[in-house]
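2 protein chains.
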Amino acid sequence: MLVAHGSRRKESNDEVVVLTSKLGGLCAEQFSVVHYGFLELADTLIPAGISRCVDDGATAITVLPYFLNSGRHVVEDIPNVINECRALHPDIAITIAPHVGASQGIFDVLIASASTQI
Amino acid sequence: MLVAHGSRRKESNDEVVVLTSKLGGLCAEQFSVVHYGFLELADTLIPAGISRCVDDGATAITVLPYFLNSGRHVVEDIPNVINECRALHPDIAITIAPHVGASQGIFDVLIASASTQI
Chain A
1 MLVAHGSRRK ESNDEVVVLT SKLGGLCAEQ FSVVHYGFLE LADTLIPAGI
51 SRCVDDGATA ITVLPYFLNS GRHVVEDIPN VINECRALHP DIAITIAPHV
101 GASQGIFDVL IASASTQI
Chain B
119 MLVAHGSRRK ESNDEVVVLT SKLGGLCAEQ FSVVHYGFLE LADTLIPAGI
169 SRCVDDGATA ITVLPYFLNS GRHVVEDIPN VINECRALHP DIAITIAPHV
219 GASQGIFDVL IASASTQI
């Protein structure tokens with residue numbers, strides 16, 4: 001499950017919905033179900049996203065924080081909400097993956113993006 | 119120049135500083151100078167970051183928005199600040215690269231991050 005912050009700007013939330021759909025197609029071999037959940041400000045919130053995964057048959061869920069920096073949302077808020085979700089779904093293994101900005105691969109993305117302009 | 123939002127949380131800003139330093143080492147062939155600039159809330163702000171690039175001899179600057187979603191900051195605020203910078207440095211070609219979240223490579227990063235947990 002991709003977890004994004006959520007925005008008051010609908011277009012920004014729509015991007016996450018589209019991204020999730022595309023991601024689901026690209027990683028169907030590793031992940032049979034891919035949904036999204038927002039931390040705040042937008043539907044679907046994280047607990048509802050987890051429930052969607054469970055309803056679709058997930059028995060183990062990887063939560064992927066769609067964040068670049070390890071701010072309070074990554075360090076505290078998402079883990080706290082996920083702990084609440086674990087209490088609601090004690091039979092489901094829910095793990096939290098490193099946030100996007102922690103990935104070594106982000107450097108390739110940065111260089112590729114910048115290089116399109118030179 | 120990597121442009122990040124800036125945070126009240128010092129650790130988050132420090133991450134951008136470290137990331138920029140590492141990025142500079144990784145793309146030294148394509149970019150002779152790599153600095154950072156924050157949109158708000160933290161030193162160094164974008165105009166000061168641009169000035170640092172110019173002081174270090176840059177004659178063309180690629181601005182890379184370190185943002186995942188194309189919100190108001192990416193669509194309006196950064197372009198507005200960059201336009202002000204262009205007026206201050208009329209002899210420097212300043213272009214804005216696509217924000218990180220717009221990169222096709224982001225999917226590989228997402229799948230790799232999620233896969234570390236399964």
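Just so you know, the sequences run in chain order A and B.
Take the first sequence: its letter number 86 is residue 86 in the working numbering, and every next letter is one higher.
Take the second sequence: its letter number 30 is residue 148 in the working numbering, and every next letter is one higher.
Heads up, the beta-carbon is just placed ideally off N, CA and C, and yes, glycines get one too.
A Cβ-Cβ distance of about 20 Å is found for the pair A:G71 and B:S188, leaving them out of contact under the 8 Å criterion. Fully contained in the region 186-234 of chain B are the following alpha helix (DSSP H) runs of length 4 or more, in chain order: 196-206, 224-233. Residues N131, L159, A160 of the same chain have their beta carbon placed closer than 7 Å to that of B:S125, with the five preceding and five following residues left out of the count.
Within the DSSP bridge table, the entry for A:L26 names no partner. By the 16-neighbour rule on beta-carbons within 10 angstroms, B:G167 is buried.
When beta bridges are read from the DSSP output, B:G167 appears opposite no residue.
In terms of Cα proximity to A:G105, the closest of B:S169, B:T234, B:V193 is B:T234.
Assigned with DSSP and collapsed to three states, A:T20 falls in helix.
Ranked by Cα distance from B:P216, the options B:C145, B:P197, B:T177, B:R204 are led by B:P197. In this structure, the beta-carbon distance from B:L141 to A:L110 falls below 8 Å.
The C-beta of B:S221 has 16 or more other C-beta atoms within 10 Å across all chains shown, which makes the residue buried.
DSSP, reduced to helix, strand and coil, places B:V121 within a strand of the structure shown. Going by DSSP, A:V63 is part of the beta strand (DSSP E) stretching over 60-65.
Nearest CB-CB separation between B:K140 and chain A: below the 8 Å threshold. Cβ contact annotation for B:A178 (same chain, cutoff 6 Å, sequence separation greater than five): A211, in chain order.
Proximity of B:L186 to chain A, defined by a Cβ-Cβ separation below 8 Å, is satisfied. Those residues of the region 43-69 of chain A placed with their C-beta closer than 8 Å to a C-beta in chain B are A60, T62, L64, Y66, F67, L68, N69, ordered along the chain. Residues of the same chain with a CB within less than 6 Å of the CB of A:P47, apart from the 5 flanking positions on each side, are C85 in chain order. Residue range 154-156 is occupied by the beta strand (DSSP E) that includes B:F156. At a beta-carbon threshold of 7 Å, the residues of chain A lying near B:G189 are S7, R9, S12, ordered along the chain. In the three-state scheme derived from DSSP, where H, G and I count as helix and E and B as strand, A:D14 is classed as helix. Residue burial annotation: A:L88 is exposed, with fewer than 16 other C-beta atoms found within 10 angstroms of its C-beta.
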